Amino acid sequence: MERYVPTSSKDQFWLGSHIRLIFYESRRLDAATICPCRQRLWDWSLKYADGTSPSGFRPEDVDPEKMKWLDDVLKHYMVDFSARMKEIKTALEKDTSASGAGVESDQGPAAGGDVGDSGGAGLEEREALLEELMDIVSSIDYARDLHKIGGLPVLLELLASPQPSLQWRAAEVVATCVANNPPVQQWFLDGGVLPRLLDLAAPSQPHGTVRTKALLALSGLVRHFGPGLEALREAGGLVLLVGSLGAADRRIARKAMTLLTYMLTQRRADCAAAVAGGALPPLVAELELHAAPDGDNDGSAAEASDMRQAALSALIQLASYPSTWAAVRDAPGLQARLAVLAAAHAALPADVAEAQAEEGLLVQQLTALLAAAAPPAGRPDELDHVSVEAFEEAGRGTTFAVNEPQPVAVTVAVRDAGAGHEDQGGGTATMTMTVAGRGGAEGSTAGSGDPAAGRPPLLLGAP
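When we follow the UniProt record's numbering, the leftmost residue of the sequence shown carries the number 1, and every step to the right adds one.
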């Protein structure tokens with residue numbers, strides 16, 4: 001391919017505008033998937049479009065040969081992730097279909113051999129495909145697209161696979177898809193993912209990683225999603241979590257504590273069921289201090305501190321509910337362990353105390369709750385549910401104008417994945433790419449009555 005080097009300001013502006021247009025037309029990707037060449041093209045386009053003076057450029061002056069050259073270059077380096085998802089889904093689908101028909105390799109499923117003549121992939125290849133799929137669906141939009149291309153039935157089959165390595169990877173894909181994504185949470189809940197995850201998270205599951213990833217997926221399925229949380233509660237999720245608090249695998253115990261704490265904040269009345277189910281003994285046992293709190297935040301000391309914080313958070317929720325306050329106060333060994341922890345934190349050097357401040361505050365908060373003369377007043381449920389409608393509406397109606405001075409524009413639909421806690425994306429925003437002048441890039445909101453008009457503009461960098 002002949003190398004084209006832009007020389008005139010007109011050529012430079014055209015190339016910069018065209019690069020940005022293609023970038024915005026493509027979906028925003030995770031930074032790890034952007035090749036260095038695309039990043040350099042992006043930086044170059046910004047350098048030659050600083051908006052300090054008009055360029056005199058006219059769209060009709062664009063050389064078709066130069067446009068074709070640029071399209072070929074960018075297509076060479078850009079991956080069509082939608083097409084790649086379909087390829088992965090097809091490959092995994094062939095494998096699950098072959099397994100369901102009883103077509104196995106001579107080595108059998110436990111050995112991880114190839115799936116005979118069915119066209120399916122070997123175990124290692126299936127694991128690699130699931131890991132690649134997990135990277136792709138880390139974008140909210142691709143998580144939605146996975147459902148639209150029929151990916152959920154394949155994941156359900158993999159969750160029921162006899163191979164633990166496929167089970168936990170499929171569970172992690174589910175966790176990635178549903179996290180902070182109400183439409184996908186609703187689709188996956190309706191599609192029957194909850195029973196599969198509960199089976200994998202049950203104490204009878206012998207593989208620790210499978211249980212850990214299943215709990216991770218359950219957490220993603222119910223957080224900020226009321227129907228999912230209610231379905232988990234009705235399916236016995238509270239009993240499952242309480243039964244997992246004392247798991248020998250600390251990863252399982254910590255995830256169970258964290259999800260239990262969340263459930264208790266969403267419905268305070270669950271505190272009574274948790275205490276009645278035996279939540280207090282394993283939580284109290286977790287506060288045993290085997291060594292002084294460590295300020296290095298690494299190794300076993302940091303892990304022990306994280307576990308204590310998870311247990312303290314759950315105990316604070318239980319102690320904040322009037323009908324379970326006395327049971328927490330009188331729990332055998334709790335007051336003594338709290339006194340030991342408080343003394344250990346008081347004796348820490350200033351620099352270490354600062355590093356351990358979060359745990360110290362939790363100790364103080366629980367101690368103060370239990371030292372009160374009477375139970376605390378009841379608090380309302382937090383109820384942080386985000387409806388699908390509200391989520392979709394939050395992603396609509398924003399227009400971003402680039403190179404604004406001239407009226408000639410190209411408008412494209414952009415799926416905004418969002419980067420912040422309140423901007424989780426999922427809607428389709430209209431982005432106006434104006435290539436008729438070298439004006440500055442500026443974000444604007446369509447409609448003076450838009451409630452988002454007073455918010456800071458969404459800053460778009462390299463995709």
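The beta carbon of each residue, even a glycine, is placed where N, CA and C say it ideally should be.
Since the model is a prediction, treat every value here as computed from it, not as a measurement.
{"Item": "Would DSSP call residue 387 helix, strand or coil?", "Value": "coil"}
{"Item": "Less than 7 Å between C-beta atoms, sequence neighbours within five positions excluded: which residues of the same chain meet that for residue 383?", "Value": "266"}
{"Item": "Which residues mark the beginning and the end of the alpha helix (DSSP H) in which residue 239 is found?", "Value": "237-244"}
{"Item": "Taking a contact to mean a Cβ-Cβ separation below 8 Å, would you say residue 466 touches residue 337 in this structure?", "Value": "Residue 466 is absent from the structure shown; the chain starts at 1 and stops at 463."}
{"Item": "Can you tell which of 234, 140, 259 and 229 has the C-alpha that lies nearest to the C-alpha of residue 242?", "Value": "259"}
{"Item": "What did DSSP end up calling residue 227 once you bin it into helix, strand or coil?", "Value": "helix"}
{"Item": "Given residue 264, which residues of its chain have a CB within under 6 Å of its CB, disregarding the five upstream and five downstream residues?", "Value": "270, 271 and 317"}
{"Item": "Ordered along the chain, which non-local residues of its own chain (more than five positions away) have a Cβ less than 8 Å from that of residue 166?", "Value": "123, 126, 127, 130 and 158"}
{"Item": "Residue 136 and residue 84 - do their beta-carbons sit closer together than 8 Å?", "Value": "yes"}
{"Item": "Are the Cβ atoms of residue 182 and residue 387 separated by less than 8 Å?", "Value": "yes"}
{"Item": "If the criterion is Cβ atoms closer than 8 Å, does the pair residue 319 and residue 370 meet it?", "Value": "yes"}
{"Item": "Thinking just about the alpha-carbon of each residue, which of 161, 209, 284 and 275 is nearest to the one in residue 255?", "Value": "209"}
{"Item": "Comparing C-alpha positions only, which one of 222, 252, 268 and 187 sits nearest to residue 207?", "Value": "252"}
{"Item": "Rounded to whole angstroms, what is the Cα-Cα separation between residue 244 and residue 306?", "Value": "17 Å"}
{"Item": "Under the rule that 16 or more other beta-carbon atoms within 10 Å means buried, what is residue 67, buried or exposed?", "Value": "exposed"}
{"Item": "Do three or more CB pairs link the region 132-150 to the region 177-193 at distances below 8 Å?", "Value": "yes"}
{"Item": "Are the beta-carbon atoms belonging to residue 240 and residue 201 less than 8 Å from one another?", "Value": "yes"}
{"Item": "How big is the Cα-Cα spacing for residue 218 and residue 234?", "Value": "14 Å"}
{"Item": "Alpha carbon to alpha carbon, how far is residue 134 from residue 513? Give it in angstroms, no decimals.", "Value": "Outside the shown range of the chain, which is 1 to 463, sits residue 513, and nothing can be said about it."}
{"Item": "In the structure shown, what three-state DSSP assignment does residue 381 receive?", "Value": "coil"}
{"Item": "So residue 193 and residue 232 are in contact, right, with Cβ under 8 Å, and what is the actual spacing, rounded?", "Value": "Residue 193 to residue 232, Cβ: 11 Å. No contact."}
{"Item": "Would you mind reading off the limits of the alpha helix (DSSP H) that contains residue 146?", "Value": "140-148"}
{"Item": "Going by beta carbon distance, what residues of the same chain come within less than 7 Å of residue 261, once the five residues before and after it are set aside?", "Value": "313, 314 and 317"}
{"Item": "If I follow the unbroken alpha helix (DSSP H) through residue 153, where does it start and stop?", "Value": "151-159"}
{"Item": "With a CB to CB cut of under 6 Å and the five nearest residues on each side skipped, what residues in its chain are close to residue 164?", "Value": "207 and 210"}
{"Item": "Could you pull out every residue in the same chain whose Cβ sits closer than 7 Å to the Cβ of residue 278, ignoring the five residues on either side in sequence?", "Value": "242"}
{"Item": "Grouping DSSP H, G and I as helix and E and B as strand, with all else coil, what is residue 201?", "Value": "helix"}
{"Item": "What alpha helix (DSSP H) runs, 4 residues minimum, are completely inside the region 249-310?", "Value": "250-266, 270-276 and 280-285"}
{"Item": "Look at the Cβ atom of residue 348, then the Cβ atom of residue 356, and state whether they are nearer than 8 Å.", "Value": "yes"}
{"Item": "Output the boundary residues of the alpha helix (DSSP H) element that contains residue 60.", "Value": "Looking at the DSSP string, residue 60 is not in any alpha helix (DSSP H), and its letter there is neither H nor E."}
{"Item": "Mark residue 368 as exposed unless 16 or more other C-beta atoms lie within 10 angstroms of its C-beta, in which case mark it buried.", "Value": "exposed"}
{"Item": "Decide if residue 77 is buried, meaning its Cβ has at least 16 other Cβ atoms within 10 Å, or exposed.", "Value": "exposed"}
{"Item": "Taking the alpha helix (DSSP H) that residue 350 falls in, what are its first and last residues?", "Value": "350-355"}
{"Item": "Count the other CB atoms, across all protein chains shown, that sit within 10 Å of the CB of residue 32; report buried if there are 16 or more and exposed otherwise.", "Value": "Legend: pLDDT at residue 32 = 45, less than 50; position of this residue unreliable, value from coordinates given subsequently. Looking at its Cβ environment, which holds fewer than 16 other Cβ atoms inside 10 Å, residue 32 is exposed."}
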